[in-house]
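There are 4 protein chains.
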Amino acid sequence: MPPSLATEQNTGTGDRRLPGRPRSEDARKAILRSTLKLLQQNGFPELSIEAIAADADVGKATVYRWWPNKAALVADAFSSSADEELRFPNTGSVRADLSIQMKHLVRILRGRRGRIVAALVGGGQSDPELIEAFRDRFMMPRRQEAYETLRRGIERGELPKSLNMDLALDTLYGSIYMRFLIRQTGLTEEFVDEVVSAVMDGVSER
Amino acid sequence: MPPSLATEQNTGTGDRRLPGRPRSEDARKAILRSTLKLLQQNGFPELSIEAIAADADVGKATVYRWWPNKAALVADAFSSSADEELRFPNTGSVRADLSIQMKHLVRILRGRRGRIVAALVGGGQSDPELIEAFRDRFMMPRRQEAYETLRRGIERGELPKSLNMDLALDTLYGSIYMRFLIRQTGLTEEFVDEVVSAVMDGVSER
Amino acid sequence: MPPSLATEQNTGTGDRRLPGRPRSEDARKAILRSTLKLLQQNGFPELSIEAIAADADVGKATVYRWWPNKAALVADAFSSSADEELRFPNTGSVRADLSIQMKHLVRILRGRRGRIVAALVGGGQSDPELIEAFRDRFMMPRRQEAYETLRRGIERGELPKSLNMDLALDTLYGSIYMRFLIRQTGLTEEFVDEVVSAVMDGVSER
Amino acid sequence: MPPSLATEQNTGTGDRRLPGRPRSEDARKAILRSTLKLLQQNGFPELSIEAIAADADVGKATVYRWWPNKAALVADAFSSSADEELRFPNTGSVRADLSIQMKHLVRILRGRRGRIVAALVGGGQSDPELIEAFRDRFMMPRRQEAYETLRRGIERGELPKSLNMDLALDTLYGSIYMRFLIRQTGLTEEFVDEVVSAVMDGVSER
DNA sequence: CAATAATCGAGACGGTACGTCACGTCTTCTT
DNA sequence: AAGAAGACGTGACGTACCGTCTCGATTATTG
Numbered sequence: 721m722p723p724s725l726a727t728e729q730n731t732g733t734g735d736r737r738l739p740g741r742p743r744s745e746d747a748r749k750a751i752l753r754s755t756l757k758l759l760q761q762n763g764f765p766e767l768s769i770e771a772i773a774a775d776a777d778v779g780k781a782t783v784y785r786w787w788p789n790k791a792a793l794v795a796d797a798f799s800s801s802a803d804e805e806l807r808f809p810n811t812g813s814v815r816a817d818l819s820i821q822m823k824h825l826v827r828i829l830r831g832r833r834g835r836i837v838a839a840l841v842g843g844g845q846s847d848p849e850l851i852e853a854f855r856d857r858f859m860m861p862r863r864q865e866a867y868e869t870l871r872r873g874i875e876r877g878e879l880p881k882s883l884n885m886d887l888a889l890d891t892l893y894g895s896i897y898m899r900f901l902i903r904q905t906g907l908t909e910e911f912v913d914e915v916v917s918a919v920m921d922g923v924s925e926r
Numbered sequence: 721m722p723p724s725l726a727t728e729q730n731t732g733t734g735d736r737r738l739p740g741r742p743r744s745e746d747a748r749k750a751i752l753r754s755t756l757k758l759l760q761q762n763g764f765p766e767l768s769i770e771a772i773a774a775d776a777d778v779g780k781a782t783v784y785r786w787w788p789n790k791a792a793l794v795a796d797a798f799s800s801s802a803d804e805e806l807r808f809p810n811t812g813s814v815r816a817d818l819s820i821q822m823k824h825l826v827r828i829l830r831g832r833r834g835r836i837v838a839a840l841v842g843g844g845q846s847d848p849e850l851i852e853a854f855r856d857r858f859m860m861p862r863r864q865e866a867y868e869t870l871r872r873g874i875e876r877g878e879l880p881k882s883l884n885m886d887l888a889l890d891t892l893y894g895s896i897y898m899r900f901l902i903r904q905t906g907l908t909e910e911f912v913d914e915v916v917s918a919v920m921d922g923v924s925e926r
Numbered sequence: 721m722p723p724s725l726a727t728e729q730n731t732g733t734g735d736r737r738l739p740g741r742p743r744s745e746d747a748r749k750a751i752l753r754s755t756l757k758l759l760q761q762n763g764f765p766e767l768s769i770e771a772i773a774a775d776a777d778v779g780k781a782t783v784y785r786w787w788p789n790k791a792a793l794v795a796d797a798f799s800s801s802a803d804e805e806l807r808f809p810n811t812g813s814v815r816a817d818l819s820i821q822m823k824h825l826v827r828i829l830r831g832r833r834g835r836i837v838a839a840l841v842g843g844g845q846s847d848p849e850l851i852e853a854f855r856d857r858f859m860m861p862r863r864q865e866a867y868e869t870l871r872r873g874i875e876r877g878e879l880p881k882s883l884n885m886d887l888a889l890d891t892l893y894g895s896i897y898m899r900f901l902i903r904q905t906g907l908t909e910e911f912v913d914e915v916v917s918a919v920m921d922g923v924s925e926r
Numbered sequence: 721m722p723p724s725l726a727t728e729q730n731t732g733t734g735d736r737r738l739p740g741r742p743r744s745e746d747a748r749k750a751i752l753r754s755t756l757k758l759l760q761q762n763g764f765p766e767l768s769i770e771a772i773a774a775d776a777d778v779g780k781a782t783v784y785r786w787w788p789n790k791a792a793l794v795a796d797a798f799s800s801s802a803d804e805e806l807r808f809p810n811t812g813s814v815r816a817d818l819s820i821q822m823k824h825l826v827r828i829l830r831g832r833r834g835r836i837v838a839a840l841v842g843g844g845q846s847d848p849e850l851i852e853a854f855r856d857r858f859m860m861p862r863r864q865e866a867y868e869t870l871r872r873g874i875e876r877g878e879l880p881k882s883l884n885m886d887l888a889l890d891t892l893y894g895s896i897y898m899r900f901l902i903r904q905t906g907l908t909e910e911f912v913d914e915v916v917s918a919v920m921d922g923v924s925e926r
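Sequences listed follow chains A, B, C and D, in order.
Just so we're aligned, residue 721 is where the first sequence starts under this note's numbering, counting upward by one.
Just so we're aligned, residue 721 is where the second sequence starts under this note's numbering, counting upward by one.
Just so we're aligned, residue 721 is where the third sequence starts under this note's numbering, counting upward by one.
Just so we're aligned, residue 721 is where the fourth sequence starts under this note's numbering, counting upward by one.
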């Protein structure tokens with residue numbers, strides 16, 4: 721489990737408890753739940769800590785005690801809803817592995833949780849911590865698996881040994897995010913297959 | 721020139737002048753200038769109309785009189801700074817044409833104006849008007865030229881007749897925006913060449 | 721009229737108007753009215769600017785725009801209810817003049833407005849501005865009249881030319897405030913007569 | 721010693737000890753010490769239990785366990801610093817006895833402890849318990865001695881049998897408090913002599 | 001040349017949310 | 001059982017901007 725963005729407290733397993741009343745797990749969960757709930761109703765800028773605290777029946781100070789800003793809170797809330805759905809399969813074919821995973825991503829982006837991803841990336845454009853959280857906590861774990869998937873393809877001879885993996889992945893996923901964030905159209909599962917073909921084989925005539 | 725998002729006044733050429741004091745061109749310019757200036761200092765959410773008015777030495781009501789909201793103002797300000805640098809050349813080679821234009825884009829994104837693009841796309845994630853303005857006023861005009869460039873390539877036989885142009889362009893530019901918006905690293909001119917090669921020829925072994 | 725504690729705006733008579741929307745007289749009055757109203761319900765520490773603004777149907781910022789702190793606001797509110805009742809009469813007898821005025825004071829202190837005086841003097845013990853406001857705006861104007869009253873007594877031969885007026889007045893009114901602020905008992909109109917006698921003639925046997 | 725305002729515990733001498741950890745005398749002293757220290761830095765309203773607990777290196781709950789509110793704590797702290805200096809002498813002259821004692825009072829009011837007295841009387845204007853504590857624990861014990869002093873004067877023939885002692889004392893001490901609390905000037909030892917003369921002999925011509 | 005009309009700057013207005021502070025209560029482990 | 005530590009819900013603080021409004025002043029067209 722990745723470390724929380726929240727101020728650390730000793731929820732640790734082995735070491736001694738700190739003195740003082742322990743952090744309320746109920747409050748923590750209620751806050752994250754309300755954050756996700758409200759975030760889906762409006763966008764990131766409309767989201768107010770005041771409203772989160774009220775919805776979660778929690779003091780505003782309790783929110784500020786554990787999260788330094790709205791961005792960190794949203795990032796935490798989002799990754800607490802992080803997903804098995806985005807694991808890479810191992811079908812024996814790179815193209816299939818990528819295609820399947822990318823279609824899951826597309827489904828998420830088009831669904832309720834898409835608003836959250838948009839809020840994180842959008843908000844991150846003026847909040848370095850936020851985009852960093854998105855990158856480190858959401859994107860990188862998946863990319864590690866993606867590297868592994870590509871490596872298997874290389875071993876099987878489907879991909880060249882000289883493959884620039886970041887180049888390949890940025891091109892594959894960049895096209896998805898282009899349609900998600902900017903063009904806001906054409907983000908279909910067929911598109912995924914077209915992208916995989918295009919990046920694998922190139923668009924210029926054979 | 722695209723129509724302004726600002727409330728229309730009789731700036732028209734042919735029709736009669738309305739009575740009353742005409743709109744101040746100085747104020748309009750100062751507002752747009754201050755908007756761009758402040759936008760590249762902080763992000764879209766941090767940008768306040770209060771600050772714009774103060775910086776432009778203009779009454780707050782003058783801003784509200786002409787622009788219905790912050791998004792419209794920012795979109796106007798942005799498209800008033802339109803770039804000649806992003807025109808496509810015509811070298812006789814699609815790869816060269818694309819590569820040259822994309823390198824110009826990379827240079828802009830890495831420079832001062834990059835903050836403005838980030839602010840627009842970021843802010844646009846919670847403001848439909850804003851992303852629409854970015855798309856319609858900034859991206860689409862370029863894409864029209866890109867279509868033309870690709871079409872020349874098809875005519876020259878560099879690209880197949882069946883080319884899915886949007887697919888190609890989303891893949892090419894998506895990888896740029898991926899590194900610009902999310903990964904925030906590796907956005908170099910060499911990367912442009914790698915992307916063009918990858919998308920043209922594919923990443924899997926020949 | 722003594723200058724308001726509120727930030728000055730040019731409500732002046734002769735000089736030009738400042739630019740900008742003029743201060744709302746309605747808001748000013750409503751704030752002072754609500755301040756007095758709430759101050760009589762609870763004490764000074766319980767009085768919150770939040771509640772005043774709500775009661776006066778006014779934005780909190782409007783209060784803060786014109787009064788630097790709660791103390792100044794209360795002092796203003798109180799002296800706006802400042803009173804004809806505390807004028808000194810001119811009966812031809814110092815003793816009568818003093819006695820009549822002091823009885824009016826006693827009646828005020830025992831009434832609703834007594835809470836305000838207590839709040840001002842009490843709050844003033846930890847707020848130099850507040851006690852200064854009470855002194856300068858409430859007490860001193862009366863004391864000027866008191867000096868005049870004593871002076872008439874001297875002219876009439878009722879009091880010695882060498883009279884130390886501040887000594888006399890601090891002794892007369894000090895006993896009133898002692899019973900009002902500290903002893904909180906025995907503040908009757910009969911007491912006023914006793915004090916006047918005591919200070920005039922002394923308590924030791926003739 | 722007057723009974724503490726603190727919740728009673730088995731500090732009794734004869735009776736059995738309650739089970740459990742006994743109350744920490746160190747904590748009690750540290751709390752009272754910190755209370756006095758902070759009280760003379762700022763006024764009563766500014767004094768926070770939070771700050772007292774922090775300054776005394778004590779848990780907040782320990783304060784609340786033993787004192788029901790800030791006023792009780794302050795009153796306790798104050799009367800724990802009770803003064804020998806304010807005993808009345810017995811010189812054989814009422815005027816001298818009063819003058820000496822009042823000069824001691826003036827010296828205290830002008831010194832560090834004056835801030836505490838001001839805080840008590842000031843805070844007491846919105847806190848009945850506080851002014852009551854000041855009256856009962858500080859003022860009344862002295863007043864008992866004052867009565868005795870006056871009684872001796874009556875016996876000696878310095879004062880009339882019919883003397884209204886409270887009237888005399890309120891007039892004498894009221895003038896002191898008037899200058900201390902409100903006028904905040906002229907509280908000198910010479911003033912004491914003038915007040916004693918004025919109240920004894922009257923201010924009107926012989 | 002006056003009257004009319006829409007603009008301009010300035011800045012006050014009623015609001016909303018901010019992030020902080022202290023309240024008095026509570027829950028934990030330690031002494 | 002009392003201690004310290006410190007988290008909890010609550011509520012007011014004073015600030016920053018929101019978008020609207022009301023001023024006097026300015027600059028044009030219209031009669």
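Cβ atoms here follow ideal geometry from the backbone N, Cα and C, with glycine treated the same way.
For the pair of segments examined, the region 843 to 852 of chain B was found not to touch the region 883 to 900 of chain B: the number of CB pairs separated by less than 8 angstroms stays below three.
Straight-line measurement puts the Cα of C/G779 at about 54 angstroms from the Cα of B/L887. Secondary structure at A/F900: helix, using DSSP grouped into helix, strand and coil.
Within the region 792 to 876 of chain D, the complete alpha helix (DSSP H) runs of at least 4 residues fall at 814 to 830, 832 to 844, 848 to 853 and 860 to 875. Straight through space, the alpha carbons of D/I896 and C/M822 are spaced by roughly 19 angstroms. Burial is judged here by how many other beta carbons sit within 10 angstroms of a residue's own beta carbon; A/L738 has fewer than 16 and is exposed.
Against chain A, the beta carbon of B/Y893 has neighbours under 7 angstroms at M898, listed in chain order.
Of B/G843, B/R872 and B/V923, the smallest CA-CA separation from B/F764 is found for B/G843. Straight through space, the alpha carbons of D/I820 and D/P809 are spaced by roughly 8 angstroms. The CB of A/A888 comes closer than 8 angstroms to the CB of A918 and V923 in chain B, given here in chain order.
The C-beta of D/Q761 has fewer than 16 other C-beta atoms within 10 Å across all chains shown, which makes the residue exposed. Membership of B/T782 in the alpha helix (DSSP H) is indicated by the continuous run K780 to W786. Shown here for D/S754: same chain residues with a beta carbon closer than 6 angstroms to its own, the five before and five after excluded, namely I772, D775 and A776 in chain order. Non-local beta-carbon contacts of C/L889 in its own chain, meaning distances under 7 angstroms to residues more than five positions away in sequence, involve R863 and A866 in chain order. Our two residues, B/A918 and A/R743, have alpha carbons roughly 51 angstroms apart in a direct line. Out of B/E804, B/R857 and B/P848, the CA that lies nearest to the CA of B/L825 is found in B/E804.
D/D746 and C/D746 have their C-alpha atoms roughly 57 angstroms apart.
At a cut-off of 8 angstroms, the C-beta of D/Q904 has a neighbouring C-beta in chain C.
Straight through space, the alpha carbons of C/D856 and D/V915 are spaced by roughly 24 angstroms. For C/Q845, the nearest beta carbon of chain D is closer than 8 angstroms to its own beta carbon. In terms of beta-carbon proximity, A/P765 lines the interface with chain B, with at least one pair separated by less than 8 angstroms.
Straight-line measurement puts the Cα of B/F911 at about 29 angstroms from the Cα of A/G834. The DSSP-derived three-state label of C/F764 is coil. DSSP, reduced to helix, strand and coil, places B/V923 outside both helices and strands of the structure shown, so it counts as coil. Taking a beta-carbon distance threshold of 8 angstroms, C/E914 counts as an interface residue toward chain D. Cα atoms of B/R832 and B/L818: separation of roughly 23 angstroms, rounded to the nearest angstrom.
Spatial neighbours of B/L892 in its own chain (CB-CB distance under 8 angstroms, excluding positions within 5 residues in sequence) are listed in chain order as L818, M822, V915, V916 and V919.
C/A750 is the residue among C/A750, C/T869, C/L883 and C/G740 whose C-alpha sits nearest the C-alpha of C/L793.
About 5 angstroms separates the beta carbon of B/I836 from that of B/L759, a gap short enough to meet the 8 angstroms contact definition.
Burial is judged here by how many other beta carbons sit within 10 angstroms of a residue's own beta carbon; D/G812 has fewer than 16 and is exposed. The C-beta separation of B/V923 from A/L756 comes to about 37 angstroms, leaving the pair out of contact by the 8 angstroms criterion. A/T905 and C/R785 have their C-alpha atoms spaced approximately 49 angstroms apart. At a cut-off of 8 angstroms between C-beta atoms, A/V841 counts as an interface residue with respect to chain B.
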